[in-house]
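Working notes, beginning with the structure itself.
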Amino acid sequence: MPAQQRHLLSPQLWGYLFKHLPASGWNILALPELQQQSTVDAATALAADKVQLAARWQALQQLTPSGPLIIIVQGEAAGAWHALMMEQDELNIAAIVSIGAYLKDPAQQRQLQQQMTNLRVPVLDLLTGADHLWSVSDSQRRQQLARTQYNPLYRQRYLPEMHYHSSQQEWLFKEIYGWLSSLGF
């Protein structure tokens, strides 16, 4: 699931993944971006995002996909996924690749740090030079939390030179594919 205002088949990240993950044996099911919320209250907007994500996930479950279900999500949608996964353990997600996760509200952003490092599924926290400032600035805190909680399921990679240009997509793909392979997927 791409970040807000990024197309699923954009040459910036998603188009490359859609082409190369199936070539490596993966099936891809794409979820469209979240609908923008008109509310000004951050808690209400996040709750609405979680409702949208849960509904889309339930619809996806009806397709009965074979193999493990791994979420690759970006930006604010990634933050909403982490919040949803903390509330609903029954989502049956095998792993999550989170690219530049953040939430707009400062209090929610602080909670996101805990949520990302407390999940009971493997998490790859990818950060690039093109991501939202909060996702990058909070990265050290997330690493510290994962260490103090002895969470072996949390991994973080900071790719400061990565800017989602089409020439750099292979690099990001290899990070994701290598991590998934190391987990046995």
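Numbering of the sequence shown is given in our numbering, commencing with residue 1131 and proceeding in unit increments. Each residue gets a CB set at the ideal place from its N, CA and C atoms; glycine is no exception.
Buried or exposed: where does residue i fall if 16 or more other Cβ atoms within 10 Å of its Cβ makes it buried?
{"i": "residue 1234", "result": "exposed"}
{"i": "residue 1312", "result": "exposed"}
{"i": "residue 1171", "result": "exposed"}
{"i": "residue 1131", "result": "For residue 1131, the pLDDT reaches just 47, beneath the cut-off of 50, and the residue's location in the model is therefore unreliable, leaving the point undetermined."}
{"i": "residue 1179", "result": "buried"}
What is the C-beta distance between residue i and residue j, in whole angstroms, given that I count them as a contact (C-beta under 8 Å)?
{"i": "residue 1253", "j": "residue 1223", "result": "Rounded, the Cβ-Cβ distance is 10 Å, inconsistent with contact."}
{"i": "residue 1275", "j": "residue 1238", "result": "Between residue 1238 and residue 1275 the Cβ distance is about 16 Å, and since that is not below 8 Å, they are no contact."}
{"i": "residue 1249", "j": "residue 1283", "result": "7 Å"}
Whose C-alpha, out of the options, is nearest the C-alpha of residue i?
{"i": "residue 1209", "options": "1247, 1315, 1159", "result": "1247"}
{"i": "residue 1263", "options": "1205, 1181, 1157", "result": "1205"}
{"i": "residue 1181", "options": "1213, 1152, 1200", "result": "1213"}
{"i": "residue 1291", "options": "1279, 1256, 1315, 1314", "result": "1256"}
{"i": "residue 1310", "options": "1198, 1159, 1174", "result": "1198"}
{"i": "residue 1240", "options": "1151, 1280, 1266, 1289", "result": "1266"}
Could you tell me whether the Cβ of residue i comes closer than 7 Å to any Cβ of chain D?
{"i": "residue 1210", "result": "Included in the structure is just one protein chain, with no chain D present."}
Segments of 3+ residues assigned as beta strand (DSSP E) that fall wholly inside the stretch 1187-1225:
1200-1204
Does the structure place the stretch 1265-1280 close enough to the stretch 1298-1307 that three or more beta carbon pairs sit under 8 Å?
no
Stretch pair the stretch 1144-1157 + the stretch 1178-1186: three plus CB contacts closer than 8 Å:
no
Beta strand (DSSP E) runs contained entirely in the stretch 1230-1299, provided each spans 3 or more residues:
1253-1258, 1284-1289
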